[in-house]
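Shown next, in structure tokens, is the structure this report addresses.
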Amino acid sequence: WRVAVGARREDRLAETAEQVEAAGGRVFAHRLDVTDADSVRACFDASERALGTVEVLVANAGIAVPGPLADLDPADIQRVFDTNVVGAALCARQAVRRWRAAGSENGDRVFISSETAERPWPHNVAYSASKVALEHVARGLRMELDGTGARVSIVQLGPAESEFGFGFPPERMAEALAAWQEARVWTHWAMMTPEQVARAVVFATTAPRGLEVHDVVVKPTPPRAPTPTPSS
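Numbered per my numbering, the sequence shown spans residues 367 to 598.
Below is the structure:
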């Protein structure tokens, strides 16, 4: 596949592009801030000039700010929704408009969601709510595209290895982890690898035409319980 990647950190974009090329792929990297409509448009413009019509969109950008809702800065709540919901909608808007203009018969929109959309996590309320909203965007878009040949998939993730929580304040993260264990929303420390998550996205986007993969839920397998030793 010809792959366009967009994100804010240009150094990481360069690393990703190198990995794609090393795997034998063709890649185009461009700076992208999904919360900025002008940045989204510019990224799509540049990607089309380099690679052609964008047929598959994977909306993966997401942030969270841990902590009790009452303690969160209003700006942080806004930032979560701007990135997780508005950003995905802006990218989907551009993808659909260009796909239609090109007269393409194939198109896939994949929205990366979270298991917190199914059940809210304490100390992560804004993030959980944003993922509920994201899934409604995806399902509403699916209805709007009915009969066009385009497909819309939601890939809902459990815990996965990433840089997602690297910037969280340690004390806030410790409080959140304790709250998640107490609420039994995260009962073990198993996590999926990025490659395992990617398989779910590939599964949705490579399904034969005439078949739609609406919702994929992937979670890590709980670790095997230790074998009890016989008492003497």
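Here a beta-carbon is modelled for each residue, glycine too, at the ideal position from N, C-alpha and C.
Quiz prompt | Proximity of S519 and V579 at Cβ, strictly below 8 Å | solution = yes
Quiz item: How close, in whole Å, do the beta carbons of T482 and D448 come, if the pair is a contact with beta carbons under 8 Å?
Solution: That belief does not hold up - the Cβ atoms of T482 and D448 are roughly 18 Å apart, past 8 Å.
Self-check item: Length of the line joining the Cα atoms of R463 and V424
Solution: 16 Å
Quiz prompt | Proximal residues to A468 (C-beta, below 6 Å), its chain only, five neighbours per side dropped | solution = T419
Quiz item: Do A492 and L601 come within 8 Å of each other at the CB atom, strictly closer than that value?
Solution: Since the first residue of the chain shown is 367 and the last is 598, residue 601 is not available in this structure.
Self-check item: Nearest-angstrom beta carbon gap, P486 and S494 [assumed within contact, 8 Å]
Solution: 4 Å
Quiz prompt | Alpha-carbon to alpha-carbon, T571 and A408 | solution = 25 Å
Practice problem: Confirm, please, whether the CB-CB distance from L500 to S479 is below 8 Å. | Solution: yes
Quiz prompt | Per DSSP, cross-strand counterpart(s) of H396 | solution = G372
Exercise. Counting only the same chain and skipping the five closest in sequence on each side, list residues whose C-beta sits under 8 Å from that of A403.
Key: L456
Quiz prompt | Complete runs of the beta strand (DSSP E) confined to the stretch 408-450 [at least 3 residues] | solution = 422-425
Quiz item: What's the call for D399, buried or exposed, on a 16-neighbour Cβ count within 10 Å?
Solution: buried
Quiz prompt | Alpha carbon of N558 to alpha carbon of P586, nearest angstrom | solution = Asn is not the amino acid found at residue 558; the sequence shown has Met there. Whole-angstrom Cα-Cα distance: 5 Å.
Self-check item: Cutoff 6 Å; reference A412; Cβ partners in own chain excluding five residues on either side
Solution: H396
Exercise. Spatial neighbours of A416 within its chain, please: CB distance less than 6 Å, with the 5 preceding and 5 following residues excluded, ordered by chain position.
Key: F394
Self-check item: Beta-carbon proximity list for V452, same chain, < 7 Å, skipping 5 on both sides
Solution: T401
Quiz item: Exposed or buried, which one is L577 when buried takes at least 16 other CB atoms within 10 Å?
Solution: exposed
Quiz item: Which stretch, first to last residue, makes up the alpha helix (DSSP H) that contains S494?
Solution: 491-510
Self-check item: Own chain, CB closer than 8 Å to A549, minus 5 neighbours either side, in chain order
Solution: W487, P488
Quiz item: My guess is that V503 and A454 are in contact by the Cβ rule of under 8 Å, so how many angstroms apart are they, rounded?
Solution: 6 Å
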